[in-house]
Structures are given as structure tokens and as C-alpha cells.
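Quick mapping for you: the protein sequence lines, in order, are chains S and V. Okay, so the first sequence: first residue is 1 according to the numbering used here, each after it adds one. Okay, so the second sequence: first residue is 1001 according to the numbering used here, each after it adds one. Take a look at the structure set out below.
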Amino acid sequence: MILLYGLLAFMIIGAIIAIETKDLLSSVISVGAMGLALSIIFLILGAPDLAIVQVVVEVVALIMLLRLVVEREDVTIAHRYRYGEVFSTAVGLVFFGIFIVFASLAYRGMPEFGNPVFRVSEMYIRDGFSVSRAANLVTAILLDFRAYDTLGEATVIFVSIVGALVILRKKGRISDERDDTDR
Amino acid sequence: MNGMTLIVKTITRLVLGFIIVFAANIVLYGHITPGGGFAGGVMLACAIILLILAFGKKTALDIVGEKALSAWDSIGALGFLSIALIGFSGGFFFTNFIMRGTPLRLISGGTVMWSNIAIGIKVSACLVAVFIALVMFRLEHKR
């Protein structure tokens, strides 16, 4: 449990550094360190599926961000604190304190850590193996009991990637055509 | 974007097959061991991204082109959807229509393994396509 809290503190410090640092490259690297700590937390809590996904996705995202950052010329962000920003930071801290108070009040009514709210998950744990015959219960829930959810996620990924490809490709094509006509 | 040095190319040649085999293992045994279609697909995408980074844009895009990537993406998505639609033969959307088989063997769990394979193909093609879109097209635009 101490290791868990230590990793959580590491993640919070990494997140603050990622937001506050002036150098874009070190910001990207601290985001990567945060993802690594998150994957170790998943391993400690006994979720190897999530840990594998977290590590692998973090690696791919880090490679993409590094490629994009290294290609940019203006990697540093000039930023100075002014009077108005100090005021807005103070207001934000006050509201954060109010949020903490109400969240701690709400936390008492929540079920204990590791005890799910929904009764259906008890059914999954009890009957999941005998019904689906898949030894990995997480995959059985994702692709057998709740496959409709997974279909929705796959559709979201598909549409977003098609959209990204269309937008980015069109830009390149227009500039290429202009270059051609200029010649 | 040109390739990297000879050291990186040689190590990529040595390691790439192992990465792809491990990704296939994660996808195929997703219903028995931790992992699954998404994780294995991202690992496969990692292997192809390594290929692109080490050997440069031209060599890698001759092996995995843009059109092939969008085709594989669509094949994965349509495969998953068709598994869902064939479920109507058993009565409902997403019915597990295949025989369940014995647990803890490769052929078990009915449609779960085939869904994993479809999702793995889809996710790997997706991530490589997004990498190419974000990195390559922008570099082309700059030149």
C-alpha cells in the first residue's frame, strides 16, 4: 500500500512537471514517466491486462509525441506570470478546496475499495468461466458479455482515424497541387 | 525522413520477427492469458513503426502502403461487425454461435478468439495509419 501511495505521489509530481515545465520535450518525457507509474499501479492492483495495454499505448504515444516535438523549431514556451493569472490561480485553489471538502463528504457514501456497486459483476465473476469457457475473464466480459460496448469503441476508433487521415491528407494534397501549378 | 544508422537497421532486422511473433501470441491467446486484441494490435503497430523509423519512409511504405493500411483497417472493422451479425443465426446480435470447446485450450470461448483477431488487425492498421498521418504528411507539407 505504501508503494501504491508512493507511485501515486510520483504520478502527481510528474503531471505537475508536465504542465508547468517550459521545455516541450521534458514535458513529453514526464508524461511518459507518469504512464509507466500508472502501469505499475495496475500491476500492483492485479490487472495485468490493463498494465500491458497501458505500457504499449504509452510507448506508441511517446514515440509519436517525440517525433512531433523534435520536428518543431520552437520547443520552448515563453511564459510569465502576471497579476491576473495570480488572481485566477487563487480562485482556482479556493474552488479546488471546496471540491475536496464535498468530495470527502461524498466519499463516505461510496462502497469500499474493491467492492463493486453493480450486482451484475458478481454474476460475471461467479458464472463467467462456466458460461463463456474463456479462461481470461476480462476478455470474456469485453468480447462476449459486453461485446456491443466493444463494437461501439471499435467504431469510435475507426471513425476518428478515418477523420484524422482525411483532414491531414487533404492539407498535404492541396499544398502539393499548388506547388505543381506554381511550377 | 531517411533511415537510421547501420546499427539500428541490423538490430531492427534481428528483433522485428520476435516482436511480431509476440504480438501474434498476445492476440491469439487473448482469451486464455492476459492481453487481447487491443494490446497485441498495438504491439504489431509498434513493430511497423520501428520498421518505418529505422529504414526510412520509402522502404517501409513500400512494404506497408497507405492503401493497404486503410484496407486492413476496414477488413478488421468489417470482420468484427460480421461476427456480430452472424450472431443473428443463433438468435441475437453478438450471439456466441461457435462451439465453446474445452476451456484453457486455444480453440475455446467461441467467438472471443475471432473477435480478438479482428480487433488486433484493426487496431494495428489504425495506429500505423495515424502515425503516418501525423508524422509523414506533416514532414511532406513542410518541404
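For each residue, glycine too, the CB sits at the ideal point set by N, CA and C.
For residue j and residue i, the rounded distance between their alpha carbons
i: Leu-43 (chain S); j: Ala-51 (chain S); result: 6 Å
i: Ile-41 (chain S); j: Ala-9 (chain S); result: 12 Å
i: Leu-1016 (chain V); j: Asp-23 (chain S); result: 33 Å
i: Asp-127 (chain S); j: Ala-135 (chain S); result: 12 Å
i: Cys-1126 (chain V); j: Ile-1107 (chain V); result: 27 Å
i: Ala-164 (chain S); j: Ala-1054 (chain V); result: 24 Å
i: Val-159 (chain S); j: Ile-2 (chain S); result: 42 Å
i: Gly-1037 (chain V); j: Cys-1046 (chain V); result: 14 Å
i: Met-1004 (chain V); j: Ser-26 (chain S); result: 23 Å
i: Val-1034 (chain V); j: Val-91 (chain S); result: Before going further, note that residue 1034 (chain V) is Pro rather than Val in the sequence given. C-alpha separation (whole angstroms): 45 Å.
Any chain V beta carbon closer than 8 Å to residue i
i: Met-34 (chain S); result: no
i: Arg-126 (chain S); result: no
i: Thr-139 (chain S); result: yes
Delimiting residues of the alpha helix (DSSP H) encompassing residue i
i: Thr-21 (chain S); result: Element bounds for Thr-21 (chain S): n/a, residue is neither H nor E.
i: Met-64 (chain S); result: 48 to 71
i: Tyr-107 (chain S); result: 83 to 108
i: Ser-1108 (chain V); result: Element bounds for Ser-1108 (chain V): n/a, residue is neither H nor E.
i: Asn-1025 (chain V); result: 1006 to 1028
i: Asp-1073 (chain V); result: 1066 to 1086
i: Arg-126 (chain S); result: 120 to 132
i: Asp-1062 (chain V); result: 1037 to 1063
Residues of its chain near residue i, where Cβ-Cβ distance is below 6 Å and the 5 sequence neighbours each way are ignored
i: Leu-62 (chain S); result: Gly-32
i: Gly-1076 (chain V); result: Ala-1118, Ile-1121 and Lys-1122
Any chain S beta carbon closer than 8 Å to residue i
i: Ala-1084 (chain V); result: yes
i: Asp-1062 (chain V); result: no
i: Asn-1096 (chain V); result: yes
Contacts around residue i, its chain only, beta-carbon distance under 7 Å, and the 5 residues preceding and following it disregarded
i: Leu-143 (chain S); result: Thr-150
i: Gly-1087 (chain V); result: Phe-1093, Phe-1094, Thr-1095 and Phe-1097
Flag this pair as touching only if the region 141 to 158 of chain S and the region 1088 to 1096 of chain V have three or more C-beta atom pairs under 8 Å; answer yes or no. The region 141 to 158 of chain S makes contact with the region 1088 to 1096 of chain V, as at least three CB pairs between them are under 8 Å.
For the pair the region 1097 to 1115 of chain V and the region 1005 to 1020 of chain V, tell me if three or more CB-CB distances fall below 8 Å. Touching, no.
Report yes or no: do the region 1075 to 1088 of chain V and the region 88 to 101 of chain S share at least 3 C-beta pairs separated by less than 8 Å? No: the two stretches stay apart, fewer than three of their Cβ pairs being nearer than 8 Å.
Is the region 1059 to 1073 of chain V touching the region 1021 to 1032 of chain V, taking contact as three or more C-beta pairs under 8 Å? No: fewer than three Cβ pairs fall under 8 Å.
Tell me whether the region 81 to 88 of chain S and the region 1066 to 1077 of chain V touch, counting them as touching only if at least three CB pairs, one residue from each stretch, are closer than 8 Å. A contact between stretches requires three or more CB pairs, one per stretch, nearer than 8 Å, and the region 81 to 88 of chain S fails this requirement with the region 1066 to 1077 of chain V.
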